[in-house]
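Input: a single structure, listed below in structure tokens.
2 protein chains.
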Amino acid sequence: MVTLTDTATDSFVAALRAQSRRYHDRHPFHERMNAGELGPAEIRTWVANRFYYQENIPRKDAAILANCPDRAVRRRWLRRIVDHDGTAEGEGGIEAWLRLGDAVGLGREEMEDERHVVPGVRFAVDAYVTFARIRPWVEAVASSLTELFAPDLMAERLAAFERHYTWIDRQGLAYFRARLTQAPRDSEHALEVVTEHCRTPEQQAAAAAALSFKCDVLWSVLDAIDRACADR
Amino acid sequence: MVTLTDTATDSFVAALRAQSRRYHDRHPFHERMNAGELGPAEIRTWVANRFYYQENIPRKDAAILANCPDRAVRRRWLRRIVDHDGTAEGEGGIEAWLRLGDAVGLGREEMEDERHVVPGVRFAVDAYVTFARIRPWVEAVASSLTELFAPDLMAERLAAFERHYTWIDRQGLAYFRARLTQAPRDSEHALEVVTEHCRTPEQQAAAAAALSFKCDVLWSVLDAIDRACADR
Numbered sequence: 001m002v003t004l005t006d007t008a009t010d011s012f013v014a015a016l017r018a019q020s021r022r023y024h025d026r027h028p029f030h031e032r033m034n035a036g037e038l039g040p041a042e043i044r045t046w047v048a049n050r051f052y053y054q055e056n057i058p059r060k061d062a063a064i065l066a067n068c069p070d071r072a073v074r075r076r077w078l079r080r081i082v083d084h085d086g087t088a089e090g091e092g093g094i095e096a097w098l099r100l101g102d103a104v105g106l107g108r109e110e111m112e113d114e115r116h117v118v119p120g121v122r123f124a125v126d127a128y129v130t131f132a133r134i135r136p137w138v139e140a141v142a143s144s145l146t147e148l149f150a151p152d153l154m155a156e157r158l159a160a161f162e163r164h165y166t167w168i169d170r171q172g173l174a175y176f177r178a179r180l181t182q183a184p185r186d187s188e189h190a191l192e193v194v195t196e197h198c199r200t201p202e203q204q205a206a207a208a209a210a211l212s213f214k215c216d217v218l219w220s221v222l223d224a225i226d227r228a229c230a231d232r
Numbered sequence: 233m234v235t236l237t238d239t240a241t242d243s244f245v246a247a248l249r250a251q252s253r254r255y256h257d258r259h260p261f262h263e264r265m266n267a268g269e270l271g272p273a274e275i276r277t278w279v280a281n282r283f284y285y286q287e288n289i290p291r292k293d294a295a296i297l298a299n300c301p302d303r304a305v306r307r308r309w310l311r312r313i314v315d316h317d318g319t320a321e322g323e324g325g326i327e328a329w330l331r332l333g334d335a336v337g338l339g340r341e342e343m344e345d346e347r348h349v350v351p352g353v354r355f356a357v358d359a360y361v362t363f364a365r366i367r368p369w370v371e372a373v374a375s376s377l378t379e380l381f382a383p384d385l386m387a388e389r390l391a392a393f394e395r396h397y398t399w400i401d402r403q404g405l406a407y408f409r410a411r412l413t414q415a416p417r418d419s420e421h422a423l424e425v426v427t428e429h430c431r432t433p434e435q436q437a438a439a440a441a442a443l444s445f446k447c448d449v450l451w452s453v454l455d456a457i458d459r460a461c462a463d464r
């Protein structure tokens with residue numbers, strides 16, 4: 001097996017981190033959101049569409065588990081599913097997102113029946129779940145590394161919502177607060193897995209491509225939401 | 233939606249339970265095992281090959297999670313993965329099976345590197361995991377219903393091992409003991425899901441076919457093990 005020097009690992013990790021420039025925090029829709037420029041209808045469109053992403057996360061993570069032969073990795077990865085599904089009714093990240101829906105004026109039913117979900121969002125999210133299902137599990141883990149960039153985005157988003165969107169009950173923002181601590185824990189584990197398993201230039205290129213693909217997923221979700229808002 | 237009378241549900245459940253006649257406890261190899269007729273080499277062949285089934289169970293269950301859109305079902309189904317993987321190194325059903333290997337004289341390495349696994353076992357187990365991956369999730373749940381029949385088999389097996397195979401340390405039988413309580417809990421949940429979701433004759437036929445398929449998987453595993461023992 002080719003083993004990497006620390007320098008090679010460092011430059012691989014640096015290459016992964018450099019993809020932050022393709023992260024969706026730079027999307028025009030996201031910039032307008034953080035600048036406080038969105039109206040209630042646009043916020044609602046974002047929340048209802050992004051919910052489709054949220055509710056598919058545990059299925060994406062279960063697909064990774066299904067492909068992963070390493071018990072130790074599975075044991076830690078399972079926590080992500082618990083974070084989103086909760087351990088009882090009324091708990092977990094998906095529930096927290098439903099409460100965000102409630103806080104912005106969307107009923108549970110219209111969130112869960114996906115009536116507001118636009119095709120572009122569905123295609124992008126489904127592509128992500130399919131990627132986790134059919135690609136090698138280490139690449140699927142690499143695709144999750146957008147979480148490296150998530151805490152900054154969450155912190156900025158929380159500040160922006162509390163400042164600009166005072167019509168939204170702050171209780172509704174619990175999901176973002178939870179991710180401030182969950183995302184760093186998750187990305188640390190994913191980075192451990194990826195640096196341990198991606199030792200050759202080809203494996204590292206595949207991991208970087210997976211992360212790039214995931215940036216495309218998040219970006220496309222905002223493209224579709226932005227377009228849906230413009231069409232109103 | 234077609235709703236069933238209690239009678240229709242009862243007869244569906246009866247049809248599922250009737251498949252116990254196709255369960256692998258009636259396989260000649262299993263009958264010889266319980267009669268105390270297997271030698272140490274045959275027991276070892278069974279333990280090493282069956283381990284391939286055991287280590288694939290969490291991946292099969294994760295595939296079901298990945299396909300299941302119902303959070304409440306996922307929350308309960310997740311427990312199966314935890315039962316097999318454990319929550320820490322040295323815990324869980326797969327670990328318990330490795331200890332059974334140790335008790336019958338098989339090293340951890342020769343269990344984990346699958347050197348004793350014969351092709352017929354691999355094909356049957358892989359077919360089961362693939363079924364969970366590609367079939368509708370309710371059918372995959374139905375395929376797990378062999379657990380309805382497992383407690384009787386486990387109780388009989390435990391008695392047989394303690395009586396006939398006294399060369400095996402009883403500590404090694406912990407997996408079988410755990411399943412005495414886990415299997416009824418799991419099959420109760422699976423039966424709830426299947427009776428709730430399979431309301432039409434077509435859906436019920438698909439569930440019965442899934443359970444029949446699973447009986448074939450277990451039977452084929454023993455066929456392949458039996459053959460491997462005869463070829464020694």
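Order-wise, the sequence lines are chains R and L.
For the record, in the first sequence the residue sitting at position 163 is 163 according to the working numbering, with numbers rising by one throughout.
For the record, in the second sequence the residue sitting at position 201 is 433 according to the working numbering, with numbers rising by one throughout.
By construction, the Cβ of each residue, glycine as well, lies at the ideal position given by its N, Cα and C atoms.
Residue range of the unbroken alpha helix (DSSP H) whose run includes residue i
i: W46 of chain R; result: 40–67
i: E344 of chain L; result: 340–344
i: I400 of chain L; result: It is not in any alpha helix (DSSP H) - I400 of chain L carries neither H nor E in the DSSP assignment.
i: Q414 of chain L; result: 406–429
i: A18 of chain R; result: Careful: A18 of chain R lies outside any alpha helix (DSSP H) and carries neither H nor E.
i: G101 of chain R; result: 93–104
Residue i versus residue j: straight-line alpha-carbon distance, rounded
i: V138 of chain R; j: I296 of chain L; result: 20 Å
i: V2 of chain R; j: C68 of chain R; result: Confidence at V2 of chain R is low in this model, with a pLDDT of 48, below 50, so its placement is unreliable and no value can be given for it.
i: G86 of chain R; j: R307 of chain L; result: 7 Å
i: A228 of chain R; j: F176 of chain R; result: 24 Å
i: L412 of chain L; j: A387 of chain L; result: 7 Å
i: G90 of chain R; j: L338 of chain L; result: 46 Å
i: T9 of chain R; j: R395 of chain L; result: 56 Å
i: S187 of chain R; j: V314 of chain L; result: 22 Å
i: R170 of chain R; j: P433 of chain L; result: 49 Å
i: E424 of chain L; j: P351 of chain L; result: 35 Å
i: F123 of chain R; j: H197 of chain R; result: 29 Å
i: E269 of chain L; j: A462 of chain L; result: 14 Å
i: Y165 of chain R; j: T45 of chain R; result: 15 Å
i: Q435 of chain L; j: S143 of chain R; result: 36 Å
i: D6 of chain R; j: R199 of chain R; result: 11 Å
i: D334 of chain L; j: D70 of chain R; result: 20 Å
Helix, strand or coil at residue i [DSSP, three-state]
i: T87 of chain R; result: coil
i: A35 of chain R; result: coil
i: W137 of chain R; result: helix
i: V350 of chain L; result: coil
i: F149 of chain R; result: coil
i: C229 of chain R; result: helix
i: Y23 of chain R; result: coil
i: T432 of chain L; result: coil
i: D242 of chain L; result: helix
i: D358 of chain L; result: helix
i: D455 of chain L; result: helix
i: D216 of chain R; result: helix
i: M233 of chain L; result: With a pLDDT of only 44 at M233 of chain L, under the threshold of 50, the placement of this residue in the model should not be trusted, and no figure is reported.
9 Å Cβ cutoff met for residue i and residue j
i: V373 of chain L; j: A422 of chain L; result: yes
i: L158 of chain R; j: H27 of chain R; result: no
i: R291 of chain L; j: A66 of chain R; result: yes
i: V121 of chain R; j: I43 of chain R; result: no
i: D216 of chain R; j: R22 of chain R; result: yes
i: A294 of chain L; j: A62 of chain R; result: yes
i: V104 of chain R; j: Y52 of chain R; result: no
i: Q251 of chain L; j: S452 of chain L; result: no
i: I57 of chain R; j: R80 of chain R; result: yes
i: F29 of chain R; j: A207 of chain R; result: no
i: R249 of chain L; j: L380 of chain L; result: yes
i: Q54 of chain R; j: H84 of chain R; result: yes
i: R417 of chain L; j: A273 of chain L; result: no
i: A150 of chain R; j: A174 of chain R; result: no
beta-carbon residue i near the ligand MN non-hydrogen atom, thresh 8 Å
i: T200 of chain R; result: Among the ligands in the structure shown, none appear at all, so the ligand MN cannot be discussed.
Given 8 Å, three or more beta-carbon pairs between the stretch 116–135 of chain R and the stretch 154–168 of chain R: no
Counting Cβ pairs, one atom from each stretch, are 3 or more of them under 8 Å apart for the stretch 102–113 of chain R and the stretch 322–340 of chain L? no
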